[in-house]
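A short worksheet on the structure shown next.
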Amino acid sequence: MAFAITIALLVIGSVIFHAWSPWWLTPIASNWDSIDTTIDITVWVTGFAFVVINLFLAYTVYKYRYSKKRRAEYDPENKKLEVWLTVITSVGIAALLAPGLFVWADFVNPPEDAHVVEVTGQQWQWAYRYPGADGKLGAADPGLITEANPFGMKGDDPAGRDDILVESAIMHLPVDKPVKVVLRSKDVLHDFAVAEFRVKMDMVPGAISYLWLTPTKTGTYDILCEELCGVGHFVMRGRVKVQEQADFDQWLASQNTYEDALALAKVDRANGQATYAMCAGCHGVQGEGNPALNAPQIAGLQDWYVTAQLEHFKTGIRGGNPADTYGAQMIGLAAALPDSQTIRNLSAYINSLPATQTKQTLSGNLKNGKELYDHNCSVCHGDNGRGVWSVHAPKLAGMDDWYLARQLRHFRDKVRGAHPEDDLGHQMQLMVSVLGDDEAINDVAVYISGLGYSDPSYVAASKTK
Ligand code: CUA
252 MAFAITIALL VIGSVIFHAW SPWWLTPIAS NWDSIDTTID ITVWVTGFAF
302 VVINLFLAYT VYKYRYSKKR RAEYDPENKK LEVWLTVITS VGIAALLAPG
352 LFVWADFVNP PEDAHVVEVT GQQWQWAYRY PGADGKLGAA DPGLITEANP
402 FGMKGDDPAG RDDILVESAI MHLPVDKPVK VVLRSKDVLH DFAVAEFRVK
452 MDMVPGAISY LWLTPTKTGT YDILCEELCG VGHFVMRGRV KVQEQADFDQ
502 WLASQNTYED ALALAKVDRA NGQATYAMCA GCHGVQGEGN PALNAPQIAG
552 LQDWYVTAQL EHFKTGIRGG NPADTYGAQM IGLAAALPDS QTIRNLSAYI
602 NSLPATQTKQ TLSGNLKNGK ELYDHNCSVC HGDNGRGVWS VHAPKLAGMD
652 DWYLARQLRH FRDKVRGAHP EDDLGHQMQL MVSVLGDDEA INDVAVYISG
702 LGYSDPSYVA ASKTK
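Each step along the sequence shown adds one to the number in the numbering used here, with nothing skipped, and position 420 is 671.
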């Protein structure tokens with residue numbers, strides 16, 4: 252009796268929970284109402300089966316409970332009952348699957364006039380490629396991916412020259428235009444999913460998958476990776492910004508093409524050296540840093556990292572928080588750098604300066620620091636803190652411990668990395684949240700800084716050509 256009541260209560264509870272649950276579908280922002288319809292059908296069919304079968308179970312448990320006056324009957328074959336059950340189950344399964352097949356047929360058939368955007372996934376970042384005026388994406392090959400060619404563009408394909416390369420977590424789409432989203436992965440399985448669009452599709456290394464949709468509402472929506480792709484899976488987040496056509500066109504025109512990227516790859520170190528004069532006052536003539544002025548050593552930092560930071564200071568993405576006093580100083584200085592070519596030249600010069608050993612200024616537990624580093628930071632920054640360009644993780648080994656500790660605290664306290672366009676900073680905030688208190692931060696900062704002492708070869712290894 253008690254068992255029958257429990258089953259009945261479970262059924263009633265589940266139905267009430269479903270009706271009053273706060274977790275409903277997000278408001279739809281694409282053409283895929285039909286996917287919502289299939290979800291509704293699934294809920295109705297499975298919900299009906301769940302309620303009927305469990306209530307029937309509760310009923311039989313109660314009705315045919317043990318009684319001395321009754322004996323069980325042995326009835327292994329019942330043709331009539333089996334036919335009935337087979338027919339009802341088949342109808343239920345067909346009702347579940349058939350509407351989905353129609354939607355799927357539509358889902359894998361992009362309209363002729365759909366424009367194309369390519370999304371690339373890698374551990375743990377998104378990047379986007381738009382065809383230029385020719386409307387065609389150039390050929391690309393993961394085997395060709397290098398620091399200077401992160402999309403693996405095939406240089407000899409003329410269709411690729413005007414391709415627009417966007418190395419940012421934010422994707423842009425014009426509203427009310429059908430788009431075919433082509434998906435590639437550089438390393439492992441990922442999955443491109445936008446809940447508001449009701450679309451998701453696996454990204455498979457070595458293969459090209461796709462989906463299509465028409466965004467119907469302007470706004471910004473989260474892109475989530477919905478395939479477990481390693482330790483950083485939870486930080487693999489992007490956004491898609493749906494805009495009016497004019498705003499989209501304006502944004503697209505401001506982005507670099509592959510041709511631009513090739514031109515920018517040529518740097519002038521002598522020009523960078525001349526610009527460096529304004530940095531030397533605080534960071535030292537050789538980029539050795541000056542703790543008294545809160546200027547860390549910058550010599551030997553990877554040029555792509557320095558470029559990104561200077562661009563961020565210049566645009567206020569970094570250093571804009573009032574609690575970041577020294578970051579605010581950098582905003583003023585970066586504003587004096589006229590264009591991205593100047594910044595690239597300067598970064599190349601800073602990279603060419605010889606990194607020297609910084610002094611230990613904090614005390615920390617090296618054993619704990621190593622453990623924290625190995626389980627968290629090393630995933631992106633590498634085993635020995637040399638930095639890994641493909642995940643935009645800069646060199647850390649040998650850097651000033653006081654500077655590392657301050658930045659970690661800034662990430663933890665959302666002083667750094669909180670700007671909506673600072674996606675990598677946001678990733679750092681999520682990663683640093685596991686470190687916790689100041690003591691743990693000191694431990695890991697001292698350990699990382701010390702990696703440079705034990706491994707002199709890091710200086711050479713972090714050099715970019
Ligand atoms: Cu990429 Cu999970």
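Every residue gets a Cβ at the ideal spot worked out from N, C-alpha and C, and that includes glycine.
Sequence-distant residues of the same chain with beta carbon closer than 6 Å to residue i, five excluded per side
i    : result
G571 : none
D673 : I568
A420 : W377, G489 and D674
P361 : K431 and W463
L702 : N635, G636 and A648
G411 : G389, M404 and Y509
N522 : N596
G298 : none
W355 : none
Heavy atom of ligand 1 within 6 Å of residue i beta-carbon
i    : result
M422 : no
H441 : yes
C631 : no
H677 : no
M487 : yes
H484 : yes
C212 : Residue 212 is absent from the structure shown; the chain starts at 252 and stops at 716.
C480 : yes
Residue i, enclosing alpha helix (DSSP H) - first and last residue
i    : result
H661 : D652 to R663
V266 : A253 to W271
M248 : Within the shown structure, residues of the chain are numbered from 252 to 716, placing residue 248 beyond reach of any answer.
K249 : This structure cannot settle anything about residue 249, because the visible part of the chain is limited to 252 through 716.
K618 : L617 to L623
V630 : S629 to H632
Secondary structure of residue i, DSSP reduced to three states
i    : result
Y315 : coil
Y325 : coil
L475 : strand
R490 : strand
D357 : helix
I699 : helix
L424 : strand
A644 : strand
L482 : First, the residue type needs correcting, since residue 482 is Val and not Leu in the sequence shown. Three-state DSSP puts V482 in coil, outside helix and strand.
T526 : helix
A391 : strand
I594 : helix
T337 : helix
D694 : helix
T508 : strand
R520 : helix
V455 : coil
V303 : helix
V342 : helix
A712 : With a pLDDT of 46 at A712, under the threshold of 50, the modelled position of this residue cannot be trusted, and the question is left open.
P707 : The predicted model places P707 with a pLDDT of 49, which falls under 50 and marks its position as unreliable; any figure quoted below should be read in that light. Reduced to three states, the DSSP call for P707 is coil.
G349 : At residue 349 the sequence reads Ala, which differs from the Gly that was named. The answer is helix: DSSP assigns A349 an H, G or I state.
G470 : strand
N602 : helix
V639 : strand
V666 : coil
A772 : This structure leaves residue 772 out entirely; the chain is present only between 252 and 716.
S281 : strand
V450 : strand
Endpoints, beta strand (DSSP E) assigned at residue i
i    : result
Y461 : S460 to L464
A378 : Q376 to Y381
Q373 : H366 to Q373
M679 : It is not in any beta strand (DSSP E) - M679 instead sits in the alpha helix (DSSP H) that spans D674 to V683.
L416 : I415 to V417
H441 : H441 to V445
K431 : V430 to S436
Same chain, Cβ closer than 7 Å to residue i, five either side skipped, listed in chain order
i    : result
H626 : none
A712 : Confidence in A712 is poor, its pLDDT being 46 and thus under 50, which makes the residue's placement too unreliable to answer from.
A259 : L306 and A309
S603 : R520
N282 : L464, T465 and T467
D287 : L276, I279 and R449
Close Cβ partners of residue i (< 8 Å) along its chain, the five nearest in sequence each way excluded
i    : result
L424 : V368, V430, P466, V491, K492, V493, Q494 and F499
S708 : Model confidence at S708 stands at a pLDDT of 49, short of 50, so the residue's coordinates are unreliable and nothing is read from them.
Any non-hydrogen atom of ligand 3 within 6 Å of residue i CB
i    : result
A599 : Absence of ligand 3 from the depicted structure is noted, with ligand 1 being the only ligands included.
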